[in-house]
Amino acid sequence: MSGKIQSKMFVEPGTILDILKKEVDNGFSHLVTVTAVDLKESIELIYHLSDLKGNIKHVSTRIPRDKPEIATVTTLTPGADFYEREITDLFGISFYGKQTTTGRFILPECYPPGSPPPLLKNVDSNQVKDTLGKQETCEFKATTLHAPLSPESVVVPVGPYHPAFKEPEYFSLVIDGERIVKAFLRIGFVHRGIEKAAETRSYLRDIFLLERVCGICSASHSWCFVEAVEKLLGVEPPSRATYLRTIVAELERIHSHSLWLGLVGYWIGFESMFMWVWGIREEIMNLMEEISGNRVHKSFVTIGGVRRDVSDSLLRKIQEITKEFGKQFENLLDTLVSSEEVIERTKGIGKYDIEVARKFCTVGPVRRAAGELFDVRKLEPYGAYTEVDFEVPTEEEGDVYSLIKIRVKEVLESINIIHQLIEKMPSGNPVPSRYFMGTVPEGEAYGRIEAPRGELFYYVKANNTHNPYRVKIRTPTLANIQLVANILEGYSISDFPVIVTSIDPCFSCMDRVTVINSSTGEKTVLPVKLLKEKRRR
Amino acid sequence: MNKLRARLEIITSAFRNILSTPITQPLATSLHNQQVRGIPMLDSEKCLGCSLCARSCPPGAITMVPGGKKVIAGKEVQRNIPSFNYYQCIYCGLCADVCPGKAITMVKKQPVEIISLSLVAIPITDIEALKVLFAFVSLLFLNFLIYWISGKIAPKGKHSSKAEEPFTGGVATKLPVYRYHIDELYIFIVLFTMLEVASFILILESSLSSTFFLSLLFLAYLLILTLNLLHRGVEE
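Each protein sequence line maps, in turn, to chains A and B.
Each step along the first sequence adds one to the number in numbering that gives the first Met the number 0, with nothing skipped, and position 141 is 140.
Each step along the second sequence adds one to the number in numbering that gives the first Met the number 0, with nothing skipped, and position 72 is 71.
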């Protein structure tokens with residue numbers, strides 16, 4: 000459940016590490032994200048901490064604008080690395096005590112180092128456009144090794160535009176024979192500055208803008224934002240509206256997971272599976288078009304309800320089609336799980352354990368595949384999830400095979416949820432009489448829902464005007480991608496696409512990351528030794 | 000056993016797929032079904048000119064342009080009506096939902112089909128654009144005027160019957176009238192028209208390097224001159 004941020008824990012910047020350590024020991028071990036807000040005289044950093052029972056805590060600290068420095072918390076939770084680097088780029092705050100802080104993170108390299116960070120309030124978005132427009136070239140700096148690890152190792156650059164990729168991303172793989180020794184990842188080629196754009200639009204227009212963060216989980220994004228705004232306004236949507244939102248969200252989960260399953264088939268070289276799954280997925284897409292009027296950007300959720308009512312005959316149609324879909328999917332599951340080709344290409348590939356998953360703050364199916372029941376639908380029930388009875392599947396192994404099993408089971412569970420919701424559907428008018436176009440009273444709220452890829456987090460700060468003061472988005476992929484760069488090492492190069500796809504990455508959602516992989520202790524020792532030896536020679 | 004079953008399934012699904020129609024629908028047919036939201040169309044008679052649609056449009060695809068008059072408290076005042084940019088439109092249907100006068104409706108057509116319906120007389124309010132347009136049109140007019148006058152004042156005459164027939168015998172029933180233009184003037188007119196067209200292109204496509212373009216034109220002019228000289232040399 001999302002909520003208005005009623006109480007924040009105000010701490011001094013110097014003590015942040017000690018305070019967070021105490022909170023982590025108290026059980027608030029999952030760092031949801033770090034939000035930076037420019038308060039004009041100072042910059043506020045909010046650490047959103049969650050425990051595994053559904054409680055959330057906000058630790059706030061204010062740092063002066065002229066000396067933006069704070070200690071890093073990566074020593075406590077390595078997963079905070081990306082959140083901090085994002086803030087470094089967008090707010091100009093430096094985090095001392097970090098091992099790897101070079102280069103741009105989500106901004107392009109041609110953004111001059113001396114220019115003001117774009118998300119500060121005194122920076123106009125046109126100013127940013129001008130600065131970038133004046134640059135002659137905007138070449139990215141490939142993050143890779145400066146010298147080969149050994150005479151046998153080769154650096155294979157993949158991307159940023161590569162026929163095999165659906166979205167621009169850059170991988171630099173250091174390989175030794177067939178084995179990946181080290182993987183470097185550079186993302187952020189599709190950074191669009193949506194957070195800045197959201198500050199200049201009204202709340203109603205923002206719903207449509209934020210929906211376009213992702214094309215696959217678009218309803219989740221708009222719902223999450225609307226949840227936060229509704230909490231700020233104190234508006235409770237009609238119960239029929241929450242039911243309809245939940246149905247659309249679950250249909251979206253079905254379509255997202257089947258899309259992913261098709262892609263995995265494609266990456267393991269099983270293209271019939273790709274065609275097969277995407278073929279049966281088309282029924283769900285048509286259903287979503289019939290419900291909302293569009294296949295992809297549904298624009299279904301609005302503040303105070305939904306934009307269209309769904310007739311009873313359509314609800315019955317949803318029930319029939321999802322039932323048929325479930326049958327076909329179960330059939331598919333039988334074939335997949337017993338198919339030797341699929342098992343051999345996925346079992347034991349990209350393995351990680353729960354400790355690693357926790358360390359990198361992973362969310363969603365990636366966390367659940369390692370054996371932890373971490374699902375916002377269960378932890379902080381929102382929408383109509385309190386009224387249905389469902390299970391969240393978990394697995395123990397934490398490899399690609401268990402990710403496939405989890406997602407397929409989730410699809411079947413989603414169909415179960417939809418059927419229960421349609422049975423219990425309350426009557427009433429879910430469409431608000433007029434759209435919300437007024438001002439939002441001052442306050443802060445967060446939205447936290449379970450998107451198909453995992454926990455999605457929105458932070459909205461209002462200041463009694465028509466436009467939000469600050470919108471912070473933390474997409475599930477940003478949390479999960481840190482794991483991938485880590486688990487790639489040691490696997491064969493032919494497994495690389497499968498492992499990257501296994502977390503269901505959405506680079507456009509994340510649209511921001513420059514990563515230098517901080518690998519585990521023993522592995523970094525090896526290249527340093529080798530480098531030293533090379534130098535001696 | 001499992002493998003046998005899987006193979007059987009593959010064969011049956013292959014046969015089924017041969018006989019069935021494609022799963023995906025063509026866009027043209029899906030435009031006319033009842034599922035899509037359609038595209039916004041304005042009924043300018045009903046429009047109140049409140050500009051609520053322009054303020055709520057998520058991508059900012061609606062601009063208010065002057066169109067018609069409205070009566071407020073007995074006085075006629077200028078009314079602004081929305082104009083849609085269908086390239087920016089995301090077809091969300093919000094403008095139709097917020098419209099208090101129900102002047103905007105979502106119709107299930109292609110934008111091209113209704114664009115002629117929604118066209119209104121849009122006066123060019125930008126005075127600078129008008130000046131540029133006027134300059135171009137007057138220069139082009141002057142150009143053709145010079146050509147026309149030069150044609151009038153140039154010597155004209157008829158070829159003798161001998162000139163028409165290289166071989167003896169037979170006289171053409173109707174002799175054509177030739178007009179002897181001044182060569183230099185002709186080249187000047189050609190170049191001037193070329194310059195005019197080039198300037199238009201440069202204004203429309205500002206990304207082109209203008210110096211490169213103009214030097215190319217100059218080269219073309221020199222080429223025409225040399226060709227002309229050569230041609231005359233051969234004649235002489």
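No residue lacks a Cβ here, since even glycine has one placed at the ideal position from N, Cα and C.
Treat the numbers as computed from the prediction; the structure is a model and nothing was measured.
Cα-Cα separation, residue i to residue j
i	j	result
Asn543(A)	Arg61(A)	The shown model of chain A, from 0 to 536, leaves out residue 543(A), and the question about it has no answer.
Leu16(A)	Ala70(A)	7 Å
Leu262(A)	Lys45(B)	50 Å
Ile80(A)	Glu329(A)	Ile is not the amino acid found at residue 80(A); the sequence shown has Asp there. Whole-angstrom Cα-Cα distance: 40 Å.
Thr23(B)	Gln34(B)	15 Å
Glu319(A)	Trp277(A)	19 Å
Glu270(A)	Tyr160(A)	22 Å
Lys408(A)	Asn1(B)	22 Å
Phe133(B)	Leu41(B)	32 Å
Gln5(A)	Val225(A)	18 Å
Ala248(A)	Trp259(A)	16 Å
Phe191(B)	Ser55(B)	49 Å
Thr225(B)	Val136(B)	30 Å
Met193(B)	Lys151(B)	23 Å
Thr199(A)	Leu93(B)	19 Å
Leu391(A)	Ser257(A)	According to the sequence displayed, residue 391(A) carries Val and not Leu. Each residue's alpha carbon lies about 17 Å from the other.
Gly113(A)	Phe435(A)	41 Å
Val355(A)	Gly13(A)	28 Å
Val154(A)	Arg185(A)	15 Å
Asn466(A)	Ser152(A)	53 Å
Phe14(B)	Ile317(A)	28 Å
Asn16(B)	Ile9(B)	10 Å
Residue burial classification, residue i (beta-carbon count within 10 angstroms, cutoff 16)
i	result
Trp266(A)	buried
Pro425(A)	exposed
Phe170(A)	buried
Ile121(B)	Unreliable placement is indicated for Ile121(B), whose pLDDT of 40 sits below 50; the coordinate value is still reported in the next sentence. Exposed, since its Cβ has fewer than 16 Cβ neighbours within 10 Å.
Met287(A)	buried
Phe207(A)	buried
Tyr86(B)	exposed
Asn428(A)	exposed
Cys137(A)	exposed
Met272(A)	buried
Gly363(A)	buried
Pro111(A)	exposed
Lys230(A)	buried
Arg4(B)	exposed
Thr87(A)	buried
Thr345(A)	buried
Glu422(A)	exposed
Ile515(A)	Only weak support is given to the placement of Ile515(A): the predicted model assigns it a pLDDT of 32, under 50, and the value that follows is read from those uncertain coordinates. By the neighbour-count rule (16 or more Cβ atoms within 10 Å), Ile515(A) is buried.
Val119(B)	Low per-residue confidence applies at Val119(B): pLDDT is 41, beneath 50, and the placement is therefore not dependable, though the value from the model is reported in the following sentence. Val119(B) should be labelled exposed.
Close Cβ partners of residue i (< 8 Å) along its chain, the five nearest in sequence each way excluded
i	result
Ser493(A)	Glu177
Gly91(A)	Pro67, Pro115, Pro116 and Leu119
Own chain, CB closer than 7 Å to residue i, minus 5 neighbours either side, in chain order
i	result
Lys491(A)	Looking at the sequence itself, residue 491(A) is Ser, so the reference to Lys does not match. Result list for Ser491(A): Glu177 and Arg178, in chain order.
Ala53(B)	Ile61, Thr62, Met63 and Pro81
Val387(A)	Ile416, Gln419 and Leu420
Residues near residue i in its chain [Cβ-Cβ closer than 6 Å; skip 5 each side]
i	result
Tyr458(A)	Thr34, Tyr445 and Lys471
Ala368(A)	Glu394, Gly397, Ser401, Leu402 and Ile405
Arg469(A)	Val36 and Lys460
Cys505(A)	Cys213 and Thr476
Gly109(A)	The sequence shown places Cys at residue 109(A), rather than the Gly named in the question. Hits under 6 Å: Gln134 and Cys137.
Val430(A)	Gly304 and Asp308
Lys7(A)	His57 and Ser59
beta-carbon residue i near the ligand MG non-hydrogen atom, thresh 8 Å
i	result
Lys20(A)	Ligands in the displayed structure: none, and consequently the ligand MG is not present.
Does the region 221 to 238 of chain A come close enough to the region 392 to 408 of chain A that 3 or more CB-CB pairs lie under 8 Å?
no
At 4 residues or longer, what runs of the alpha helix (DSSP H) sit wholly inside the region 215 to 276 of chain A?
Entirely contained in the region 215 to 276 of chain A, the alpha helix (DSSP H) runs reaching 4 residues are, in chain order, 217 to 232 and 238 to 266.
If you pair each beta-carbon of the region 245 to 263 of chain A with each one of the region 208 to 223 of chain A, do three or more pairs fall below 8 Å?
With a cut-off of 8 Å, the region 208 to 223 of chain A and the region 245 to 263 of chain A count as touching, because enough Cβ pairs lie within range.
Contained alpha helix (DSSP H) runs [length at least 4] in the region 335 to 373 of chain A, N- to C-terminal order
339 to 345, 353 to 358 and 363 to 368
Residue ranges of each alpha helix (DSSP H) within the region 32 to 117 of chain A, 4 or longer
Those alpha helix (DSSP H) runs which fall completely within the region 32 to 117 of chain A and span 4+ residues are 79 to 90.
Quick check: the region 5 to 24 of chain A against the region 41 to 53 of chain A, are at least 3 beta-carbon pairs closer than 8 Å?
yes
Any chance the region 337 to 347 of chain A sits against the region 358 to 374 of chain A, with 3 or more Cβ pairs inside 8 Å?
no
Scan the region 130 to 214 of chain A and note each continuous beta strand (DSSP E) run of 3 residues or more that stays entirely inside, going in chain order.
152 to 157, 169 to 175 and 178 to 185
Pair every Cβ in the region 368 to 382 of chain A with every Cβ in the region 240 to 250 of chain A, then say whether three or more of these pairs are closer than 8 Å.
yes
Three-pair Cβ contact test at 8 Å for the region 191 to 211 of chain A versus the region 282 to 301 of chain A:
These segments touch.
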